[in-house]
Each structure stands twice: as C-alpha cells, then as structure tokens.
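Enquirer: Terminal number for the sequence shown in this note's numbering: 597, no gaps in between.
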Amino acid sequence: MFIANVLQFQLQKSFCLEAGHRGPLYQCNPTADGKSAGQRLKRLLRTACSTASFADALRTIATNISTLSAEPLLEYFRPLQRWLEHQNSLAMDCYGWNHNWTVNVTGLKYPRCGFHYYYYYSSAAAAAASDISNVKVFIVLLWLTMIGFAFP
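1) Taking C-alpha atoms, which residue in Ser514, Ser511, Arg527, Glu520 lies nearest to Cys473?
2) Verify whether the separation of the beta carbon atoms of Ile584 and Leu529 is less than 8 Å.
3) Return the residue from the list Ala507, Val451, Asp501 that minimises the CA-CA distance to Gln484.
4) Mark Ala482 as exposed unless 16 or more other C-beta atoms lie within 10 angstroms of its C-beta, in which case mark it buried.
5) My understanding is that Gln455 touches Pro524, with C-beta atoms under 8 Å, so please give their C-beta distance in whole angstroms.
6) Candidates Thr476, Ala515, Ser459: which alpha carbon is nearest Ile448's?
7) Taking the C-alpha atoms as reference points, what is the distance between Phe460 and Thr512?
8) Taking the alpha helix (DSSP H) that Cys461 belongs to, which residues open and close that run?
9) Do the CB positions of Leu470 and Lys487 come within less than 8 Å of each other?
10) Would you kindly work out how many angstroms separate the C-alpha atoms of Ala574 and Gln526, rounded to a whole number?
11) Taking DSSP as the reference, what is the three-state secondary structure of Ala500?
12) Please classify Ile510: does DSSP put it in a helix, a strand, or coil?
13) I need the boundaries of the alpha helix (DSSP H) containing Arg527, first residue and last residue.
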C-alpha cells in the first residue's frame, strides 16, 4: 500500500513532465488530454503481464523513473506543508525536540508554546489555538482519505 502511494506521485510527475506541464505538481492533471496517460497505463498493464519484472514494465511508460522516490509526493504536498508550518507559527506551536530554544525558554518550568502557553494566559488565544488544531486534524484526515486509508 505504501509503495503504491509513493509510486502514484512518481507516475503523476512523470506523466505531467511528458505532457509539458511546467507549474506546481498539485495543479497538473495528466489525464486532461484524455488519451496519453491512459494509453501509457494500458501499455504498462500489457507489459506487466508479459514480463517477469514490474520495474521493466514501469520503465516502458515512465523512462525517467529508475528508483522509488518520495520526492514527488513531498513536492505535491509542499504547499500544504508550508501552510501548516505558517499556521503553527501563528499559534506559536512547539517545533519538537530539535528546535533551537532560546536561553530564556530552556529553563522555564512549563512549556511556553502552543496551547499550553495560551491556556494559562489568554482564553481567546486558547480558542484560536483549538481552532487551528481542528484544522490540522481535518487536513490529516482528508489526506488519509485521499491516499486510500481505510478507517475501521
């Protein structure tokens, strides 16, 4: 399942490049012309049935794919990632263990970021932080649905 999701974005990027798309990957629809991507997929399925290696079959339709790479997937979701990072900075959310904390923050008793900070000092900001958290949950659930994750 995971490999299929990574490969999906690699194929989309390959088809978009072959179709001459020059914009962001998330704005490309490789099936817009109605034929070329579909013809390549038919060729893939025919070749996959007649050859021993799926990698060989894949090379018949996407010559620029030689290894499995998550880069097209990251490229596709980069605008969403930037938006989420911006929303986190607006909510003053923590950045994790690798964040370079300033000296005045490292010695504090309570975490001074995100919801914890606002909860004690501002009820309006706490409500805003909660709204941002709801948006994050919605985005993650939407993404999981898009990649075909089956909810129990």
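Ideal Cβ positions, reconstructed from N, Cα and C, are used throughout, including at glycine.
Being a predicted model, the structure only gives us computed values, none of them experimental.
Expert: Checking against the coordinates, here is how it stands:
1) Glu520
2) The Cβ-Cβ distance between Ile584 and Leu529 falls below 8 Å.
3) Ala507
4) buried
5) At roughly 19 Å, the Cβ-Cβ gap does not stay under 8 Å, so Gln455 and Pro524 are not in contact.
6) Ala515
7) 16 Å
8) Taken as a continuous stretch (DSSP letters only), the alpha helix (DSSP H) holding Cys461 covers 447-464.
9) no
10) Interpretation of Ala574 is limited by its pLDDT of 49, a score under 50 that renders its predicted location unreliable; the figure taken from the coordinates is listed afterwards. C-alpha separation (whole angstroms): 18 Å.
11) In this structure, DSSP gives Ala500 a helical state, which the three-state scheme calls helix.
12) Note: Ile510 maps to coil in three-state DSSP.
13) 516-535
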